[in-house]
Amino acid sequence: MAKGAASLNNSFSDAEAVFSRASTSAARYVTDSSTDNTAQLDESLMEVIRFLSTTQNTARLSLKTRLLVELLNYTPIILTASTTNATTRSRFHRLLFNIGLYNVELRKYMARELEMCSAVFHCLKVSLREQLGPQNMIDILRMLQVLSYEKGVTLGVWTNELISFLMSEVVREPEEEWMPYCMAILCNLASRSKSVCNRIKKSTSYKPFSRRIMALLVHDSRIVVLSALVLIGYLEEKNSKHGLLLPEHPRDFSMCFQRFDNRGHGMRLVVSDVPTVSSTPVLASTGKDIMNYGFFERCIQHTAELLVVLDPRLEESTKIYDLLLAFCSLSVLKPDVCAAIIKLSPTESRLTTPLHAIANTSAMSFEEAINPEVPLKALSLLSHLIKEIIDTRDRVVPYVSVEQLVSLVDSCVTSVIDPAKEDVAFTCRRVQLGLRLAEVCSQDEDVRNQLLPVTDAQLCSSIADYQLIRNPIVCHLSKPPLHRDESLPKWSVNGVGILLELSKLLASLKDHSRMHKEQYWRLLKDERLVPFLAYAIAHGDHEMVLNALVTFIHCSQVHVFPTKLLAELVASCSLEKRIRHGSTETASCQLSEENRVNRSSSPDVKFNLLRSTEDLSLKPPPNLDELLKRISQGFDVKDMRVSEVLSAYERKIAFIESREKDLEALVAAKDQALAQSEKLRIQYRNGAPHSSETDISQVRSIMQDCEGLRETNEQLNKKFEDTRRKLEDQVLLLRDELARTRQERESLTLEMEQERALVLAARTTADDLKRKLEIASASVVEKQNEIVVLNREKLELTGIVSILKSDAVAAAKTNAKEIERLHGDVAQKVATIEKIMRDKTDVQQKLEGRELECAALRDQVSQGESKLATKEKEIERLVMLISRLETKYAAKERECVEHSAELDSMRSKGQKTQADLDRMRRLREEMLRLADNYE
1 MAKGAASLNN
11 SFSDAEAVFS
21 RASTSAARYV
31 TDSSTDNTAQ
41 LDESLMEVIR
51 FLSTTQNTAR
61 LSLKTRLLVE
71 LLNYTPIILT
81 ASTTNATTRS
91 RFHRLLFNIG
101 LYNVELRKYM
111 ARELEMCSAV
121 FHCLKVSLRE
131 QLGPQNMIDI
141 LRMLQVLSYE
151 KGVTLGVWTN
161 ELISFLMSEV
171 VREPEEEWMP
181 YCMAILCNLA
191 SRSKSVCNRI
201 KKSTSYKPFS
211 RRIMALLVHD
221 SRIVVLSALV
231 LIGYLEEKNS
241 KHGLLLPEHP
251 RDFSMCFQRF
261 DNRGHGMRLV
271 VSDVPTVSST
281 PVLASTGKDI
291 MNYGFFERCI
301 QHTAELLVVL
311 DPRLEESTKI
321 YDLLLAFCSL
331 SVLKPDVCAA
341 IIKLSPTESR
351 LTTPLHAIAN
361 TSAMSFEEAI
371 NPEVPLKALS
381 LLSHLIKEII
391 DTRDRVVPYV
401 SVEQLVSLVD
411 SCVTSVIDPA
421 KEDVAFTCRR
431 VQLGLRLAEV
441 CSQDEDVRNQ
451 LLPVTDAQLC
461 SSIADYQLIR
471 NPIVCHLSKP
481 PLHRDESLPK
491 WSVNGVGILL
501 ELSKLLASLK
511 DHSRMHKEQY
521 WRLLKDERLV
531 PFLAYAIAHG
541 DHEMVLNALV
551 TFIHCSQVHV
561 FPTKLLAELV
571 ASCSLEKRIR
581 HGSTETASCQ
591 LSEENRVNRS
601 SSPDVKFNLL
611 RSTEDLSLKP
621 PPNLDELLKR
631 ISQGFDVKDM
641 RVSEVLSAYE
651 RKIAFIESRE
661 KDLEALVAAK
671 DQALAQSEKL
681 RIQYRNGAPH
691 SSETDISQVR
701 SIMQDCEGLR
711 ETNEQLNKKF
721 EDTRRKLEDQ
731 VLLLRDELAR
741 TRQERESLTL
751 EMEQERALVL
761 AARTTADDLK
771 RKLEIASASV
781 VEKQNEIVVL
791 NREKLELTGI
801 VSILKSDAVA
811 AAKTNAKEIE
821 RLHGDVAQKV
831 ATIEKIMRDK
841 TDVQQKLEGR
851 ELECAALRDQ
861 VSQGESKLAT
871 KEKEIERLVM
881 LISRLETKYA
891 AKERECVEHS
901 AELDSMRSKG
911 QKTQADLDRM
921 RRLREEMLRL
931 ADNYE
């Protein structure tokens, strides 16, 4: 392990050193294109090319490789410079091709941000002008093919010139060796941009070009046939229909699948990004025609077999998944495609099936897969395949092991969602697809029995609570449409899919588990689900909308479900879309609203409004002063909620501000009255000298009134200033108190969240302890049953041993008696022989007759000896059997002792676990008591 880590660090350091030298050389060359700098740049480029050639295809480079990105930033400048020689350009072509072939992120960066196609096309013009040879032309066109492979390639003025050149090369007779690359580039551009298709059709050479691509349908090169088919489909519907009616079309379509075999570096199959809506009947009739081809099923199987031999981290594997998922998105093709993949069985050359390969790819982690989309696409395809198996009323077990599916679901649904991580959106999609796979597998009885403990009700509740509490969609939709300025994070949209898939899973499991049924109804009755349904219906794709409508059908079973609120939220989402798109109706409404606000904010209207509300705002509400007095003197937290305290301060501040505005309006009115009186005084002063005494007295009285009003105004101004200063001081004090109260509120909220987390953790720990106790109890019962079985076997073995011992003793006694009898017979026969020998002379004539009898006796003796030997061997075998039985009996006794000890230890652990569970239960009750006291 240490050696592997050391080698990995060495490879990283080597790559950094190589890219550092190359970027430094490129920077020097850009500033000064001298001979030494050119030689140093060429040498560093060759070093980078050699390094990339030894790197595995699965080892991805990314934009995080800062030094390599610096080198790429210098590349367009160097390629378009007039001082760059052909050798340096050729090495840059090889370098860019090696980088762009497998490193998708860097290829997108070169095609979009750097606009590398323009610089490479400049190199093409230089190659044509200087006639640098066919290999240089092929290198440049191959590089253009790789760059134009990206959908977001930046088009420019160079595109028209390139299209003209490519069309002329395709039409040229005899065809050049780089013609397949020209076809591939045209195919990429036509599938990426509609303007390119219009440019091709408006060309003066379009008619010969159209006839040429129709003739190329019978070409020997697969990439030429594929490109011709794509161009026919994009350029003209008439040619497209004519091409589909050609007799060579089935063979050409078969070559589309055979193209996967020829995984050459320069000619890769283009799988275009399909629209997200699968219900568009684009391939409805074509799909039926495809299924009628005899080779279609075998082509699908041959394509799926590549998932077994290809590294799943390669881009080719990703494109195969894209192709199969595109087929599965069409209801016409899905059953046949899935059935063709499922039918594949292991062979001698391929020991596993594509279904197992897809399941193994689905279990890969994001770090292992490099591209997080790979395991997600494999999960989606696996769900389609398992659903097809279940829909055909077949069992899943012969195709995929239940343990593998359950383990895959467990790893997906228990993934931790951390919004702070970069891959949180992919994690949410993994959880969503894991729930979808669980819902599909729950239709199979074998899988469902093992799936219920994995996707228990507690886990489903935690998944739902996390989304209902932490997902920002709830807060986003609670705002008015005009105030929804911020964009939602991507993971929150995937969180909507998690809730919808969870509702489908609970609906599938509710008939098999009481806990899941309770969680199912609890989720449907939760009003926090309404914003998720509204967002899914208004902003979701076709799958999300379908799942949302299915969930709404389930929710309609609840009589108090807020359907009106759902309709309002969906309508607000539609209004939000119109606002974001800047519709004319919304703009006019906003303009009229602004005019109305401007009219209502004029000084005269303000003054009249203040005058009309002057009597109502003279005094604050008595309960407000009493409440503030209690707050200033101190109060118990339990007597009042924090929100009420904040609202009290806010009402007091609003009252003070309104009183201040009233005083300002009153001062303005007094100033206006003084100005009018001064104007009248000046008029009377400049009037006729023979005014009557009445007028003079009136003027004097007016002047006295003015003086009185002036004094009153001064007093009011002083009082206003004093009141204003007091109110400002009071506002500052209230704001300080408000800040402290908000801080206390935040601290209390934080403490409540911590206590809630502690309660959840304690509840989870208690559930874990309860689960462990149940497992321990089950294992104890299992061990007790095993001990009973072992005791029974022990008794049986003891009886067998006793029987064997008695049989052995009886056999030994029988053999001893037989041996004694045989020895007696032998002794008797010997005595008879001796008697016959003594009487030999007398019975010489009888001896010849007795010789035959002696021979028979000898045979009988030999037979007795052989029988004796057989009995001795049987005795030895019985003795060995007895010894083995005694050994087995001793082993069983030791195993029984071990099981007894293990049972004692598990009993002690169970007692300890029960004590811990009791302690946690008491702790939970105390915490609940504290929470109740706090409330």
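The opening residue of the sequence shown carries number 1 in full-length UniProt numbering; numbering runs sequentially from there.
Yeah, the Cβ is synthetic: ideal placement off N, Cα and C, and Gly gets one too.
Being a predicted model, the structure only gives us computed values, none of them experimental.
Exposure label - residue i; buried when at least 16 CB within 10 Å
i: N449; result: exposed
i: A669; result: exposed
i: L727; result: buried
i: D139; result: buried
i: S478; result: exposed
i: H93; result: buried
i: H219; result: buried
i: P312; result: buried
i: M544; result: buried
i: S210; result: buried
i: V374; result: buried
i: C182; result: buried
i: R199; result: buried
Cβ shell of residue i (< 7 Å), same chain only, five flanking positions each side left out
i: V861; result: V826
i: L435; result: V413, I498, E501, L502 and L505
i: residue 974; result: Summary: the structure shown does not reach residue 974, with the chain confined to residues 1 through 935, and so no result is reported for it.
i: A538; result: V570, C573 and S574
i: N494; result: A425, C428, R429 and Q432
Separation of residue j from residue i, as counted between CA atoms
i: Q784; j: D904; result: 11 Å
i: L147; j: K194; result: 18 Å
i: L231; j: Q145; result: 15 Å
i: S900; j: T887; result: 20 Å
i: S513; j: A507; result: 11 Å
i: V416; j: L52; result: 36 Å
i: R192; j: K490; result: 25 Å
i: D423; j: L79; result: 36 Å
i: E305; j: M515; result: 42 Å
i: A22; j: S203; result: 42 Å
i: D767; j: Q914; result: 12 Å
i: F295; j: N360; result: 28 Å
i: N188; j: T749; result: 57 Å
i: E657; j: E527; result: 38 Å
i: I370; j: S227; result: 30 Å
i: T88; j: S362; result: 44 Å
i: A812; j: E898; result: 38 Å
i: A215; j: I49; result: 39 Å
i: A63; j: E16; result: Reading the sequence as shown, one finds Leu at residue 63 and not Ala. Using only the alpha carbons, I get a separation of about 13 Å.
i: T352; j: P346; result: 5 Å
i: E161; j: A81; result: 20 Å
Closer than 8 Å to chain D by CB, residue i
i: H899; result: The structure shown contains no chain D; it is built from a single protein chain.
Proximal residues to residue i (C-beta, below 8 Å), its chain only, five neighbours per side dropped
i: V396; result: I386, I389, I390, V402, L405, C441, D444, D446 and V447
i: P472; result: L488, P489 and S492
i: C328; result: K334, V337, C338, L381 and H384
i: F37; result: First, the amino acid is wrong: residue 37 is Asn here, not Phe. Correct list, in chain order: S25, R28 and Y29.
i: E874; result: A811
i: P134; result: E176, E177 and W178
i: R91; result: D42, L45, M46 and I49
i: K377; result: T318, Y321, D322 and L325
i: E793; result: K892
Distance cut-off 7 Å: residue i Cβ against heavy atoms of the ligand FAD
i: H823; result: Summarising the ligand content, the structure contains no ligands, and the ligand FAD is consequently not present.
Spatial neighbours of residue i in its chain, beta-carbon cut-off 6 Å, leaving aside the 5 residues before and after
i: R735; result: none
### Query
What residue ranges within the stretch 176-206 form continuous alpha helix (DSSP H) runs of no fewer than 4 residues, ordered along the chain?
Whole alpha helix (DSSP H) segments, 4+ residues: 179-192 and 194-201.
### Task
Any chance you could list the beta strand (DSSP E) runs of at least 3 consecutive residues sitting entirely within the stretch 351-409, in chain order?
Listed in chain order, nothing qualifies, since the stretch 351-409 has no complete beta strand (DSSP E) run of 3 or more residues.
### Message
As an exercise, report each continuous alpha helix (DSSP H) stretch of at least 4 residues that is fully enclosed by the stretch 500-552, in chain order.
### Response
Complete alpha helix (DSSP H) runs here, min 4: 514-525 and 529-539.
### Unbroken stretches of the alpha helix (DSSP H), 4 residues or longer, contained in the stretch 125-181
134-148 and 158-171
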